[in-house]
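This report concerns only the one structure given below.
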Amino acid sequence: MFRYLPEQASEIAPHVDFANNLITDLSVFFTVAICGAMLYMAIKYRKRGGRDHETPMIRGNHFLEIVWTGLPTIVCIFVAWYGIEVYAALRATPDSALEINVTGQKWVWNFEYENGKRVGGQGAEFVVPVNKPVKIVMTGSDVLHSFFIPAMRVKQDVVPGKYSYVAFRPTKVGLYDVFCTEFCGTEHSRMLAKIRVASEAEYERWLNDDSAKIKGEMNKRPPAEVGRELYNSIGCMACHSLDGSKKIGPSFLKIFGREGTLDGGKPYKVDENYIRESLLNPKAKIVDGYSNQMPPFEGRLDDAQIGALIAFMKSVDGSKPAEAAPPASEEASKIDLTKLSPAERGERIYKEKICITCHSLDGTRVVGPTFKGIYGRSGKMADGSSVTVDDAYIKESILSPNAKIVEGYSPMMPPYQGQLSDEQVQDVIEFLKTVK
Ligand code: CUA
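This is the structure we're talking about:
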């Protein structure tokens, strides 16, 4: 009865439909039975010829009471149990799932694959291989959207600033509709896409076909590679190793999916949302055994960069040997440092140690005070004392930054005690003298 559901194209679809049909059938059956009985009684026992039909009074029929209490209870428990089972299966994702990143924006869906392949725009078609589990990791760039593939029986809200996902295993080759199913503005009804389920070979061919590059649809590089560059350029590598060694922050080796305890005893599990929060607002969750040292990157990374960093962290899974040495220092080793002036060497350290992440050279306020005109500057410290920036002050601030905190700033800087030699500290001082 009432079999109006669309084609079943995923493994879970028959189970979702069974639950849906069962509830529909039960509802129809009981509606008809109850309303039918009511109508039948109303007609049969109506007042006729001025005479009422008084029905016999039945009291305490155990058989009837057990039936009408027991039967609905069993039916309800079964429906709830089945629903929970199917829901759990819908949310489960095998580790081997193919991951596709999806961004919803007014009014298009954009799809990005691990190798950097991108498709997007109204009516965009993306391809998945048949019989392989797929996980679609989604975020929004403006307002609420909702990602819906009826044939796969998956639907999930897409929220800006947050990651959500749907997972399914397509079982039938074909072309299916993708909708936005949350009203998101005037063009909401045109926010459509297509999913093409293809054979493994056809999928591979499509994935590696970069003729789309010419049309500008293909991103030049895989997101994980972009993320690796950011890891070096914004300074993550100063505190987070790739080889499992403990630095100022936790290592990125096998970080994705890691579980542990936070400072304060609460458990954590690293997923997309955890990484995003830790980038934008690191102090929100501090892993047990570490301290709050990281500068917040709120407003300094866009969604694409955050996505790239997440992709990079996923890629540091121990399957490849870690590249602990950042390109910057590889380059540095080729240069004869003795030929440089102390200030030039200091500038190299400024860049390599990523002081640039927190201290600008042009006067703009980032996390720490700017280095523009720093030498000889006088200022007030958080404890009320006054300090003039000289060699001793700079040295102390590099080796144990928490000793003196300039008023209006917070203690965020990692100590470089043991990481820089006296000569290197002196080079940095010489460099700072030149920043006017
Ligand atoms: Cu996006 Cu509706």
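Residue 1 is where the sequence shown starts when you use this note's numbering, and the numbers rise one by one after that. Quick reminder that beta carbons are idealized off the backbone N, C-alpha and C, glycines included.
- Here Cys180 carries a strand assignment [DSSP, helix/strand/coil].
- Distance check between Thr24 and each of Arg59, Ser10, Val79 and Ile66 places Val79 closest, using alpha-carbon atoms only.
- Ligand 1 has no heavy atom closer than 7 Å to the beta-carbon of His62.
- Annotation: Gly376 to Gly120 spans about 54 Å, alpha carbon to alpha carbon.
- Taking 7 Å as the cut-off, the C-beta of Phe371 does not count as close to any heavy atom of ligand 1.
- DSSP places Ala13 within a helical segment (H, G or I) once states are collapsed to three.
- In the DSSP assignment, Lys395 falls within the unbroken alpha helix (DSSP H) covering Asp391 to Leu399.
- The criterion of a C-beta distance shorter than 8 Å is not satisfied by Val367 and Gly379.
- Sequence-distant partners of Leu309 (beyond 5 residues in either direction) whose C-beta falls short of 6 Å from its own C-beta, in its chain, are Gly227 and Leu230.
- Per DSSP, the continuous alpha helix (DSSP H) segment holding Thr434 begins and ends at Asp422 to Thr434.
- Fully enclosed beta strand (DSSP E) runs of no fewer than 3 residues occupy 98-105 of the region 73-112, in order along the chain.
- Straight through space, the alpha carbons of Ala198 and Val75 are spaced by roughly 40 Å.
- The three-state reading of DSSP puts Leu301 in coil, since its state is none of H, G, I, E or B.
- Of the candidates Phe256, Glu99, Met413 and Arg348, Phe256 places its Cα closest to the Cα of Tyr274.
- For Arg276, the three-state secondary structure derived from DSSP is helix.
- Inclusion of Tyr45 and Thr55 in the CB contact set at 8 Å is warranted, their separation being smaller than that value.
- Close to ligand 1, as judged by a C-beta nearer than 6 Å to any of its heavy atoms, are the residues Gly104, Trp107, His145, Cys180, Glu182, Phe183, Cys184, His188 and Met191, in chain order.
- Per DSSP, Arg118 is not a residue of any alpha helix (DSSP H); the beta strand (DSSP E) it occupies stretches across Arg118 to Gly120.
- For Ile349, the enclosing alpha helix (DSSP H) begins and ends at Pro342 to Glu352.
- Within a 10 Å sphere around the beta-carbon of Trp107 sit 16 or more other beta-carbons, which makes this residue buried.
- Shown here for Val173: same chain residues with a beta carbon closer than 7 Å to its own, the five before and five after excluded, namely Val130, Val197, Ala198 and Ser199 in chain order.
- Here the alpha carbons of Arg276 and Ile286 stand approximately 14 Å from one another.
- A distance below 6 Å between beta-carbons, with the five flanking residues on each side excluded, links Gln105 to the following residues of its chain, in chain order: Ser141 and Asp142.
- The three-state reading of DSSP puts Gly70 in helix, counting H, G and I together.
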